[in-house]
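Only one structure is covered here, and it is reproduced in the block below.
Number of protein chains: 2
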Amino acid sequence: MSRLPEYLRALHALADSGHETVSSEGLANAAGVNSAKLRKDLSHLGSYGTRGVGYDVALLIDQISSVLGLTQCRAVALVGVGNLGHALAGYDGFANRGFRIAALVDADRSRVGEEINGLVVRHVDELPDIVAEESISIGVIATPAPAAQAVADQLVAVGVTSILNFAPCVLSVPDGVDVRKVDLAIELQILSFHEHRKASLTALPATGGSALTALPGGLAATETQEAIGT
Amino acid sequence: MSRLPEYLRALHALADSGHETVSSEGLANAAGVNSAKLRKDLSHLGSYGTRGVGYDVALLIDQISSVLGLTQCRAVALVGVGNLGHALAGYDGFANRGFRIAALVDADRSRVGEEINGLVVRHVDELPDIVAEESISIGVIATPAPAAQAVADQLVAVGVTSILNFAPCVLSVPDGVDVRKVDLAIELQILSFHEHRKASLTALPATGGSALTALPGGLAATETQEAIGT
DNA sequence: CGCGATTTGTGCACCCCTTCACAAACACCT
DNA sequence: AGGTGTTTGTGAAGGGGTGCACAAATCGCG
Numbered sequence: 013m014s015r016l017p018e019y020l021r022a023l024h025a026l027a028d029s030g031h032e033t034v035s036s037e038g039l040a041n042a043a044g045v046n047s048a049k050l051r052k053d054l055s056h057l058g059s060y061g062t063r064g065v066g067y068d069v070a071l072l073i074d075q076i077s078s079v080l081g082l083t084q085c086r087a088v089a090l091v092g093v094g095n096l097g098h099a100l101a102g103y104d105g106f107a108n109r110g111f112r113i114a115a116l117v118d119a120d121r122s123r124v125g126e127e128i129n130g131l132v133v134r135h136v137d138e139l140p141d142i143v144a145e146e147s148i149s150i151g152v153i154a155t156p157a158p159a160a161q162a163v164a165d166q167l168v169a170v171g172v173t174s175i176l177n178f179a180p181c182v183l184s185v186p187d188g189v190d191v192r193k194v195d196l197a198i199e200l201q202i203l204s205f206h207e208h209r210k211a212s213l214t215a216l217p218a219t220g221g222s223a224l225t226a227l228p229g230g231l232a233a234t235e236t237q238e239a240i241g242t
Numbered sequence: 013m014s015r016l017p018e019y020l021r022a023l024h025a026l027a028d029s030g031h032e033t034v035s036s037e038g039l040a041n042a043a044g045v046n047s048a049k050l051r052k053d054l055s056h057l058g059s060y061g062t063r064g065v066g067y068d069v070a071l072l073i074d075q076i077s078s079v080l081g082l083t084q085c086r087a088v089a090l091v092g093v094g095n096l097g098h099a100l101a102g103y104d105g106f107a108n109r110g111f112r113i114a115a116l117v118d119a120d121r122s123r124v125g126e127e128i129n130g131l132v133v134r135h136v137d138e139l140p141d142i143v144a145e146e147s148i149s150i151g152v153i154a155t156p157a158p159a160a161q162a163v164a165d166q167l168v169a170v171g172v173t174s175i176l177n178f179a180p181c182v183l184s185v186p187d188g189v190d191v192r193k194v195d196l197a198i199e200l201q202i203l204s205f206h207e208h209r210k211a212s213l214t215a216l217p218a219t220g221g222s223a224l225t226a227l228p229g230g231l232a233a234t235e236t237q238e239a240i241g242t
């Protein structure tokens, strides 16, 4: 599930700091989750710790990496080298964690040929060749919203079955294709909501605020500091 | 809840294309959710549509904007102008949706003074002044992981109660401070997991794959194309 | 003015996730 | 070798979200 990458990151941090084993509670703290939840998650993987001792860090890293399919480096194609695409192309957090940006693509021919971080931008029409050459397994869309659906269709057409979408729009794709969406503005809006709520509550601590801000408790009780979605 | 921003985005798109009213099903499709869920969400807001007609687009935009606290433009401070921070500073998706990047901050004095998108980078030690001047309500952390906790502490110290964290680490903050985390590598790893699963299943359609890949169904059935977390 | 079509709002059942709490298992120490 | 303390793995309870299905309400048309 979606917490495994977080566990993996925490495990790498623990390994770097010299830990050989971790208790479920130690790892849970590092990953920011409940220890019972972590144990249940790990038990679903079939990976066994040792009672009285904990989990072997190196073994668990191998197990989780294997489940996530990170044993080999995955090649991703990045479509759209605008503001955001530029940053993603240079983001070193990908290479450190088993991903290689293998191709930069844009629909704007005036951008084709530009070199970013050692990669030359190619035209989106070359996608069939690119995917074949580099054995791309994931496509990242960092285009403006109006172009995103067309790009997604092209990616699907050339056999990409996993898409990370930064464009603020809903993509429709065939069954069997996974889409994950990251909308930076939405994240801020959610924070704005909490901020607005806190402001209303402190202003009217007795009444609980106006009808608009005094939502049923469940609405505001949302998971936070979790990796996007699940 | 976390779906409201998505509804709001869909509503703006509908308004731009000239729609006066929307049915719950139309809006649900545009936002990529179930229509019953959407109606229930909207009913929790206390906003009323008209039976037999649908929802008034403009009215609903006002309602949701009000609930999210987007009636006034919110000022955000961006800490860390490295690769990612640079892109975020130039990202136009923020300004279009009620946010204004009011300050760029970095701990590296060699970056202080640099101008990005019309804003001058200032030193992180000036945060108290900056927050006071610009009435910052949200802080965005785009620093490397080792620096993130210290930055978060500084933000909290100067009164920021909402933080969007792009650094791959868990932040510990006092109660009352909201942290949302966006880890781009984790998104890719989740896609990698699905990709790995799909590959295993197609390779061994009869047996269902090895023990490692044949996880209990629930593990793979994760929400997708949802805005990060909730 | 009345009727049918359409759409909202919601009660209900279901299912998954979360969390607590405890028994089983292991290592260490004496 | 046995006792003791620690930690895992899991059964059970609780809560919350999700989706179905239907009653209530509104509009448009004859």
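If you read the protein sequences in the order shown, they are chains U and L. Mapped onto my numbering, the consecutive letters of the first sequence carry residue numbers 13 to 242. Mapped onto my numbering, the consecutive letters of the second sequence carry residue numbers 13 to 242. For glycine and all other residues, C-beta sits at the position ideal for the given N, C-alpha and C.
Min CB distance residue i to chain L below 9 Å
| i | result |
| --- | --- |
| Lys49(U) | no |
| Gly125(U) | no |
| Asn46(U) | no |
| Asp190(U) | yes |
| Tyr67(U) | no |
| His98(U) | yes |
| Val300(U) | Absent from the structure is residue 300(U), since the part of chain U shown begins at 13 and ends at 242. |
| Arg86(U) | yes |
| Gly130(U) | no |
| Glu146(U) | no |
| Thr225(U) | Confidence at Thr225(U) is low in this model, with a pLDDT of 47, below 50, so the placement of that residue should be treated as unreliable; the coordinate-derived value is given next. Yes, Thr225(U) lies at the interface with chain L (some Cβ there is under 9 Å from its Cβ). |
| Val168(U) | no |
| Leu246(U) | The structure shown does not extend to residue 246(U), since chain U is modelled only from 13 to 242, so the question has no answer here. |
| Ser117(U) | Here residue 117(U) is Val; the residue named in the question, Ser, does not match the sequence. No, Val117(U) lies away from the interface with chain L (no Cβ there is under 9 Å from its Cβ). |
| Val70(U) | Reading the sequence as shown, one finds Ala at residue 70(U) and not Val. Answer no: the Cβ-Cβ gap between Ala70(U) and chain L never drops below 9 Å. |
| Pro186(U) | no |
CB contact below 9 Å: residue i versus chain U
| i | result |
| --- | --- |
| Ser208(L) | Rather than Ser, the amino acid found at residue 208(L) in this sequence is His. Yes, because at least one Cβ of chain U sits closer than 9 Å to the Cβ of His208(L). |
| Gly221(L) | Confidence at Gly221(L) is low in this model, with a pLDDT of 41, below 50, so its placement is unreliable and no value can be given for it. |
| Asp195(L) | yes |
| Gln201(L) | yes |
| Thr155(L) | no |
| Gly92(L) | no |
| Thr173(L) | yes |
| Tyr103(L) | yes |
| Gly30(L) | no |
| Glu37(L) | no |
| Gly110(L) | yes |
| Gly61(L) | no |
| Leu176(L) | yes |
| Leu80(L) | yes |
| Leu160(L) | The sequence shown places Ala at residue 160(L), rather than the Leu named in the question. Taking Cβ atoms only, chain U never reaches closer than 9 Å to Ala160(L), which makes this a no. |
Endpoints, beta strand (DSSP E) assigned at residue i
| i | result |
| --- | --- |
| Asp120(L) | Counting along the chain, Asp120(L) falls outside any beta strand (DSSP E), and DSSP gives it neither H nor E. |
| Gln88(L) | Just to set this straight, residue 88(L) is Val in the shown sequence, not Gln. Start and end: 86-91. |
Nearest candidate by alpha-carbon position, reference residue i, set the options
| i | options | result |
| --- | --- | --- |
| Leu82(L) | Gln201(U), Ala164(U), Arg109(U) | Gln201(U) |
| Asp190(U) | Ile175(L), Ala211(L), Ser174(L) | Ala211(L) |
| Glu32(L) | Leu196(L), Leu203(L), Ile73(L) | Ile73(L) |
| His56(L) | Arg15(L), Ser204(L), Ala154(L) | Arg15(L) |
| Arg112(L) | Ile148(L), Arg63(L), Gly58(L), Asp195(L) | Ile148(L) |
| Val88(L) | Ile142(L), Gly125(L), Gly130(L), Asp53(L) | Ile142(L) |
| His24(L) | Ser59(L), Leu71(L), Thr62(L) | Leu71(L) |
| Glu37(L) | Ser29(L), Asp28(L), Tyr19(L) | Tyr19(L) |
| Arg21(U) | Ala162(U), Ser77(U), Arg51(U) | Ser77(U) |
| Leu203(L) | Asn41(U), Lys193(U), Ala197(U) | Lys193(U) |
| Leu196(U) | Gly188(L), Asn177(L), Gly130(L) | Asn177(L) |
| Ala42(L) | Val182(U), Leu213(U), Gly61(U), Asp187(U) | Val182(U) |
| Glu199(U) | Ile128(L), Val152(L), Ser122(L) | Val152(L) |
| Gln75(U) | Pro17(U), Val163(U), Ser184(U) | Pro17(U) |
| Val79(U) | Ala27(U), Asp165(U), Asp53(U) | Asp53(U) |
Span of the alpha helix (DSSP H) around residue i
| i | result |
| --- | --- |
| Asp53(L) | 47-57 |
| Asn95(U) | 95-102 |
| Thr214(L) | 196-215 |
| Asn41(L) | 36-43 |
| Arg21(L) | 16-28 |
| Leu80(U) | 69-80 |
Distance cut-off 8 Å: residue i Cβ against heavy atoms of the ligand GDP
| i | result |
| --- | --- |
| Ala89(U) | Inclusion of the ligand GDP in the displayed structure is not the case, the ligand content being empty and no account of it being possible. |
> Can you give, in chain order, each stretch of the beta strand (DSSP E) that sits fully within the stretch 128-191 of chain L and has at least 3 residues?
Replying inline: List check, beta strand (DSSP E) in window: 131-135, 150-153, 174-177.
>> Could you check whether the stretch 166-173 of chain U touches the stretch 93-101 of chain U, counting it as contact only if at least three pairs of C-beta atoms, one from each stretch, sit closer than 8 Å?
In response: no
>> If contact is defined by three or more beta carbon pairs under 8 Å, each pair taking one atom from either stretch, is the stretch 56-75 of chain U in contact with the stretch 151-160 of chain L?
In response: no
> Does the stretch 106-124 of chain U come close enough to the stretch 98-108 of chain L to have 3 or more Cβ pairs within less than 8 Å?
Replying inline: no
>> Any contact between the stretch 113-123 of chain U and the stretch 132-140 of chain U? By contact I mean 3 or more CB pairs, one from each, below 8 Å.
In response: Under the Cβ criterion (8 Å, minimum of three pairs), the stretch 113-123 of chain U counts as touching the stretch 132-140 of chain U.
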